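>
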Amino acid sequence: MAQMWITMGPQHPMTHGLWTLRVKVDGETVVDTEAELGYIHRGVEKICEARDFTQVTPYCDRLCYVSAMTWANSYIYAAEDLLEAEVPVRAEYIRLISAELQRLASHLMWLGAFGPDIGNLTLMTWCMRDREMFLDLLQELGGSRMHYNYPRIGGVKRDMPIGFADRVIAKTKLFEKRLDEYEMMLDESTIWLVRLQGVGYANAESMVEAGVSGPNVRAAGVNYDVRWAHPYSVYDEIDWEPAVEKPTSVKGADCYDRYRVRMEEMRQSCRMVLDALNKIPGGKNTNYASGDEMIYTKAPTRAPEGATGFSNYECTRGASQFYIQGGGEGRGKNPYRVSIRSPMFITIPYVAKTMIGYKIADIPAIMGSFDPCIGETDR
Amino acid sequence: MVGSISLEQNTSAAEASLAAINDRFGGSGIDASVQNHSNAKKYAFVRIVCPPQHWLALAKWMKYDLGVNYCSMVTGTHFPDGPDERGWEVAYHFLRQPIQDQTPNTCTVHDVNALSGMDIPMEYEVFIPLPQGDSPTVPSIQSIWVGADWNEKETWDLVGIKFEGHVNMHRVLNPNDSPEGFHPLQKQHKLRYHDHNEMYDDPQGFMRKPADEGRVK
Amino acid sequence: MAEAGENFAAFNSRALVEMVGGVTDEALKATRIKKFLGVLAGRYFNWAGRKSLFTLHLGIKCCAIEMAAAATPRFDGDRFGVLFRSSPRQSDVLLINGPISKKFADKVVRLWEQMPEPKYCIAMGECAISGGPYFQSYNILEGVDTVIPVDVYIPGCPPRPEALIDGFGLLREKIIRIGGAPSVQRASEKPVIVGED
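Chains as they are written, first to last, in this note's numbering: chain A, 7 to 385; chain B, 1443 to 1659; chain C, 9 to 205.
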């Protein structure tokens, strides 16, 4: 039978973003693939050279738009490395809470987009309904549903509102029960299991070789999480465990393992948020004014030439890193070079190769299970 | 409660790596040091400055003898006003992740406090300064780390640094039909409206030209 | 009428239809019923079209997430008839929700040209209106209206789902005005901006 190339072009309901996946098929079996990125390449790295350090934060929100708070935090840590800023402990706790709430919202968005790929349209409505709970909480903190511009170099923009902690606890406890409902619906569904198990094997060695990180590699039994390996913030003071999934096959992790790892991560995030609210210094129902030393320390605004800053952060989709060089325009007020390492940029070519050998119908399952977000890929 | 890598583990790992590098490459122009971050927990990492001719040897040794298994990031920077020997710089960031010898079908839950020696995660930063000129070239490490592949493509695409020995180099973020030699992150390319000359400086439109009266944008 | 090689003796239905159509057409035009029927049919199609705006399933960047949120239970665009279709051939509205890069510009034009008339375009978010935060970028067009005509602008970064639904509402009001006019004849229309009173 003749082989032909099919273009799953930029406009496609299942690619979760704007990229082209060309697959070479022999009948129904995928024989070769090619990924093409760059459809929303915005040149953020170049634009950041013409912005102040504080003005770069909104651009980092918009890198991976589904998980904005974690990317803003990631940049802020690099800027704090460059400018040598101190951060008060309460601010670190608030950053942790906001990052974990964002991780919950992002995983729900993933599940809400992944379910319809497999055919489960109910998941879209359920997950988006639950995601709205967390978006409301993040809106109280940051002011907007999606791009908050919340962390500052040296702290956070403003403290948690009064009553925020009670709302977080109520919604998180409700969500933990909802997670049981999801698992009941999905893990007992034959269609879900048949479409996900045995599909898209990716083994640990090849993933680490290729530079994949985050939940994708934890699904293959590798316990590597930046939050304990290169610790930052106050993750070592609160009660949590990285979600690692033991793969059921020697061939590696299949789509089902990657789905399970994210469900487990959602439970861990709930646990982290509840524990952090108990341990936050200054109490969970106090609201300090913006700029108060409990939540913000004034940081230097200029970085000399030759100074560098680097941050390694566990974003929702993997390990994101920022490398910033100082000494830019405005006599050091702007960065000279901002370099962004996106976990998905490395994972997507790897995912394209993972699909070889499976059927066309497995492509959305494999692609969705790796959770692509093209905003951070194309920068 | 999961433990984290402690400061002692981290410092000892950094010192051990530094000793190994100096042992093997000391005095050959490769300059290694242990630096501390100024953010988060202020942990240590290893910074290496390496001239381009020694880079391949250092890279192979790092991968196979130092256990650095994860190539994270490749950054290219253009310094048109820099010194003669540093007109361009390629910065590599690597990680050593404790996942060697992953037994299939197991789940390696480490006892973090028991990690020691080469199992402790460590960050490595390698700077390769290149002389001023129009064609900066660096040997490619595509054959050593798979993760370096697309990173090098992106660095060439945006900055213009050539990677010698890189197979199948192509544009990855810019359009495929971008002009030859167009690498936007070089400093001679300016952003649109960079000097705010072409834009109206007043956002409220008080000084609009008469021909633009009534236009929405 | 009849093509070469056709059997003259056989019943030629095409010729019959053309003859009947021509006679009826003349009769209707003379009594001005044709114009009346045309207005009625136009109004009906206009009503049907604006009550069921099928939007192309195109997600470019962040505003696509708010577009998805507008389709979900809390904001529910489906009750307004807004449904997402995968193929441009089956959709009425092209909702641009992100910045257009040089690589994607000709694909957007191709999608627009693939859509059958009557078709409308909504530019959602700052990036689609003017390039947004990336207006200085070397790779982003300054607004999607540099390549295709836009009917409604929805400012915001990202606009809330309520703003998107309001944008659809304003598009419906615009459709009452312009009816099924092909998009090429709408260049002189003043663009509708959500939030402008």
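Cβ atoms here follow ideal geometry from the backbone N, Cα and C, with glycine treated the same way.
Since this is a predicted model, take the numbers as computed values, not measurements.
#1: Any idea if S104 of chain A is buried or exposed, counting beta-carbon neighbours within 10 angstroms, 16 or more meaning buried?
#2: How long is the line joining the alpha carbons of K198 of chain C and M132 of chain C, rounded to whole angstroms?
#3: Within its chain, find whatever has a CB closer than 7 Å to the CB of P157 of chain C; leave out the 5 residues flanking it on each side and keep chain order.
#4: Alpha carbon to alpha carbon, what distance is there between P1578 of chain B and G49 of chain A?
#5: Below 8 Å CB to CB, which residues in the same chain sit around L36 of chain C once its five sequence neighbours on both sides are set aside?
#6: Compare the beta carbon distance of Y1512 of chain B and F1536 of chain B with 8 Å and say whether it is the shorter of the two.
#7: Which residue spans inside the region 260 to 333 of chain A form an unbroken alpha helix (DSSP H) run of at least 4?
#8: Quick check: V1488 of chain B and A1461 of chain B, are their CB atoms within less than 8 Å of each other?
#9: What's the C-alpha gap between A1482 of chain B and I159 of chain A?
#10: Have a look at R268 of chain A and L280 of chain A and give me their C-alpha separation to the nearest angstrom.
#11: Just curious, the beta strand (DSSP E) that S1514 of chain B is in, first and last residue?
#12: According to DSSP, what are the bridge partners of L102 of chain C?
#13: Could you tell me how far apart the beta carbons of A208 of chain A and A226 of chain A are, in whole angstroms, since I believe they sit closer than 8 Å?
#14: Let me check understanding here. Comparing Cα to Cα, which of A:V357, A:G363, A:D384 lies closest to M373 of chain A?
#15: Is the beta carbon of G57 of chain C sitting closer than 8 Å to the one on P124 of chain C?
#16: Hey, out of C:V160, C:N20, C:I137, whose CA is closest to V152 of chain C's CA?
#17: Taking CB distances under 8 Å as the criterion, tell me whether Q331 of chain A reaches chain C.
#18: Since V174 of chain A contacts L283 of chain A with CB under 8 Å, what's their CB separation in whole angstroms?
#19: Check whether the region 324 to 340 of chain A and the region 184 to 203 of chain A are in contact - that is, three or more C-beta pairs closer than 8 Å.
#20: Quick check: what's the CA-CA separation for F351 of chain A versus S112 of chain A?
#21: Which same chain residues, not among the five before or five after L66 of chain C, have their C-beta less than 6 Å away from its C-beta?
#22: For Q214 of chain C, count neighbouring Cβ atoms within 10 angstroms of its own Cβ and tell me buried if that reaches 16, exposed if not.
#23: Could you give the first and the last residue of the continuous beta strand (DSSP E) run that contains S1475 of chain B?
#24: Applying the criterion that 16 or more other CB atoms from any shown protein chain within 10 Å of the CB defines a buried residue, is M75 of chain A buried or exposed?
#25: For a test of the three-state rule: what should DSSP assign to M1564 of chain B, helix, strand or coil?
#26: Whose Cβ in chain A lies nearer than 9 Å to the Cβ of Q98 of chain C?
#27: Please say whether Y156 of chain A and V162 of chain A have beta carbons closer to each other than 8 Å?
#28: With distance defined between alpha-carbon atoms, name the residue in A:M10, A:V95, A:V72, A:P310 nearest to L144 of chain A.
#29: In the region 143 to 166 of chain C, which residues sit with their C-beta less than 8 Å from some C-beta in chain A, listed in chain order?
#30: Between which residues of its own chain and L91 of chain C is the CB-CB distance below 6 Å, once the five residues before and five after are set aside?
#31: Could you please give the first and the last residue of the uninterrupted beta strand (DSSP E) stretch that includes D32 of chain A?
#32: According to DSSP, is G1445 of chain B part of a helix, a strand, or is it coil?
#33: Using a Cβ-Cβ cut-off of 7 Å (strictly less than) and excluding sequence neighbours within five positions of E1450 of chain B, which residues of its own chain qualify?
#34: Going along chain C in order, which residues have a C-beta closer than 8 Å to the C-beta of T131 of chain A?
#35: May I ask you to report which of helix, strand or coil DSSP gives M361 of chain A?
#36: So the alpha helix (DSSP H) L107 of chain A belongs to, where does it begin and stop?
By the coordinates alone:
#1: buried
#2: 17 Å
#3: C129, S191, R194, A195
#4: 22 Å
#5: K42, L45
#6: yes
#7: 261 to 285
#8: no
#9: 12 Å
#10: 18 Å
#11: 1512 to 1520
#12: C:C129
#13: 7 Å
#14: A:V357
#15: no
#16: C:I137
#17: no
#18: 6 Å
#19: no
#20: 18 Å
#21: none
#22: The structure shown does not extend to residue 214 of chain C, since chain C spans only 9 to 205, so no value can be given for it.
#23: 1473 to 1478
#24: buried
#25: strand
#26: The premise fails here: Q98 of chain C is roughly 13 Å from chain A at the closest Cβ pair, so nothing lies under 9 Å.
#27: yes
#28: A:V72
#29: Q144, S145, Y146, N147, I148, C165, P166
#30: F62
#31: 26 to 32
#32: coil
#33: none
#34: T80, P81
#35: coil
#36: 95 to 124
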